[in-house]
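Residue numbers (the working numbering): 9 to 328. The next block holds one structure in the form of C-alpha cells; read it before the comments.
See below:
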C-alpha cells in the first residue's frame, strides 16, 4: 500500500476499558492508568512484539510510550515479510530499479496513536489512530487485547466474600459515527456495494466427524455515479432483493463505499434488512501541511504529527 508523504488520514474512535465477565462480581471497567503501565512495562521488557499470520510473516509492536498532561501517546508499527521487493521508477527515463530484501526482512509501517486521558460522559476514552498499512481500528483493538492477556497485569478486586480475585482487562474500540449515508450521498458518489459471506463447510458433508473448512463468498456491484436519495433507496432495494435470492440472506455483510466531494473513499457496513440510508459512516480526518515529508516508517515520533492529531480532539465530543 503506497502512503502519501504529504498527508495522513486519522481514524476517530472511542475506546472502552472493560473487565472479563467470568465472575458476576468482577468490576465493570479498569482505569486508563492500568493500560498505560502495561504498555510502558512491555516496551521496557521488550516483550511487546506480536507475530501474526500462519507462518509468523507479519508483526505488530509498540514503541515510544509516553504520557502528557492530557494524553497517552505511542507509536504502533507493522511489519510484513510476505511482500515483493520494492521497486522505483524514474519519471524522466522510465528506468526502474528494484531493492532486494533479505529472507527474514519485511516492509515496515508506523502509526502515531493518541488516547485522551479524561474519559467522556459515557466513560469511554477518545482514541485517534494514524492510518497505515496493517494498522486500523480492529488491528489496534486486537493488539491491545493481546497485551492485556498478561498474568502480571490482571485486574485485582475483592468479591462479596472479601476474597482476592483477578480478571483480565478487555479493550473495545468503536469507530466514531459521523454522517448518515443519505447525508454523504448529497455531495458524494456511490462507488460500489459488496456482499460478503463466510461460512463453515464440512468436506465429507457431515458436521459430526468431518473435516471443517471455511467458504468465502463475495459479490461486488459497481455504480460510480452520483444519485439522489430516492434513486439510492431504489438501487439498494434492488440489490438487497438480489442478495436474498443468491445465498446472501443470512450472516452476510453488506458493505457500501462512497467517494466524498474531497476524494476520500468511505466504507460502512449496513444492515440489508434495515434503513440503509440511515446508516452511519465512521469519522476520518485528514492532517497535512507538514514541512518535512512523512515516511512510511517512523524511527521516532514526529512532534508535528502528534500536534496535528491532538488538534482534532476539540472537534469531537462522545455521546452521553
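We put the beta carbon where it would ideally sit given N, CA and C, even for glycine.
In the DSSP assignment, what residue or residues form a beta bridge with residue 78? Answer by DSSP bridge pairing: none, since residue 78 is not bridged.
Kindly confirm or deny that the region 150-159 and the region 116-127 touch, where touching means at least three C-beta pairs closer than 8 Å. no
CA-CA distance, residue 16 and residue 145? 15 Å
Skipping 5 residues on each side, what residues in its chain have a beta carbon closer than 8 Å to that of residue 177? 25, 26, 27, 28, 38, 42, 43, 156, 161, 162, 163
Along the alpha helix (DSSP H) that carries residue 245, what are the first and last residues, could you check? 237-253
Whose CA, out of 101, 87, 107, lies closest to the CA of residue 93? 107
Rounded Cβ spacing between residue 256 and residue 203 (contact assumed at less than 8 Å): 5 Å
Count the other C-beta atoms from every protein chain shown that fall within 10 angstroms of the C-beta of residue 101, then say buried if there are 16 or more, exposed otherwise. exposed
Would you check if the distance between the CB atom of residue 201 and the CB atom of residue 262 is smaller than 8 Å? yes
Quick one: measure Cβ to Cβ for residue 86 and residue 131, integer angstroms, because I've assumed they're closer than 8 Å. Contact flag wrong, Cβ pair sits at about 29 Å.
Could you tell me which uninterrupted alpha helix (DSSP H) segments, each at least 4 residues in length, are contained entirely in the region 116-169, listed from first to last along the chain? 145-156
Proximal residues to residue 69 (C-beta, below 6 Å), its chain only, five neighbours per side dropped: 56, 57, 85
Can you give me the Cβ contacts of residue 78 inside the same chain, cut-off strictly under 6 Å, excluding the 5 residues immediately before and after it? 125
Is residue 285 helix, strand or coil when you go by DSSP? helix
Could you check whether residue 21 and residue 240 sit closer than 8 Å to each other, using their CB atoms as the reference points? no
In this structure, does DSSP put residue 211 in helix, strand or coil? Caution applies to residue 211, whose pLDDT of 47 falls short of 50 and renders its modelled position unreliable; the value that the coordinates give is listed next. Looking at residue 211 - three-state DSSP - the assignment turns out to be coil, as it is neither helix nor strand.
Between residue 284 and the rest of its own chain, which residues show a CB-CB distance below 6 Å, the 5 nearest in sequence each way excluded? 244, 278
By how many angstroms is the C-alpha of residue 33 removed from the C-alpha of residue 76? 34 Å
Taking C-alpha atoms, which residue in 321, 324, 31, 72 lies nearest to residue 8? Residue 8 lies beyond the residue range present for the chain, which begins at 9 and ends at 328; the question has no answer from this structure.
If I'm right that residue 298 touches residue 14 with Cβ under 8 Å, what's the distance once you round it to whole angstroms? 7 Å
Under 8 Å between C-beta atoms of residue 267 and residue 197: yes
Taking DSSP's pairing of strands, which residues face residue 83 in a bridge? 71, 120
Given a cut-off of 8 Å, decide if residue 276 and residue 368 are closer than it, judged by their beta-carbon atoms. No answer is possible for residue 368: the residues shown for the chain start at 9 and end at 328.
From the DSSP output, in three-state form, read off residue 204 for me. strand
Continuous beta strand (DSSP E) stretch holding residue 45: start and end: First-last for residue 45: 40-53, but that is the alpha helix (DSSP H), not the beta strand (DSSP E).
Should residue 247 be labelled buried (16 or more other beta-carbon atoms within 10 Å of its own) or exposed? buried
According to DSSP, what are the bridge partners of residue 171? DSSP lists no partner for residue 171.
What does a CB cutoff of less than 8 Å around residue 36 pick up in its chain, not counting 5 residues either side in sequence? 26, 27
I'd like to check one pair, residue 317 with residue 138: are the Cβ atoms closer than 8 Å? yes
Tell me which residue opens and which closes the alpha helix (DSSP H) that residue 192 is part of. 189-193
Using the DSSP secondary-structure output, state which residues sit across from residue 329 in a beta bridge. In this structure the chain extends from 9 to 328, so residue 329 is not present and cannot be described.
Rounded straight-line distance, which links the Cα of residue 60 to that of residue 313: 28 Å
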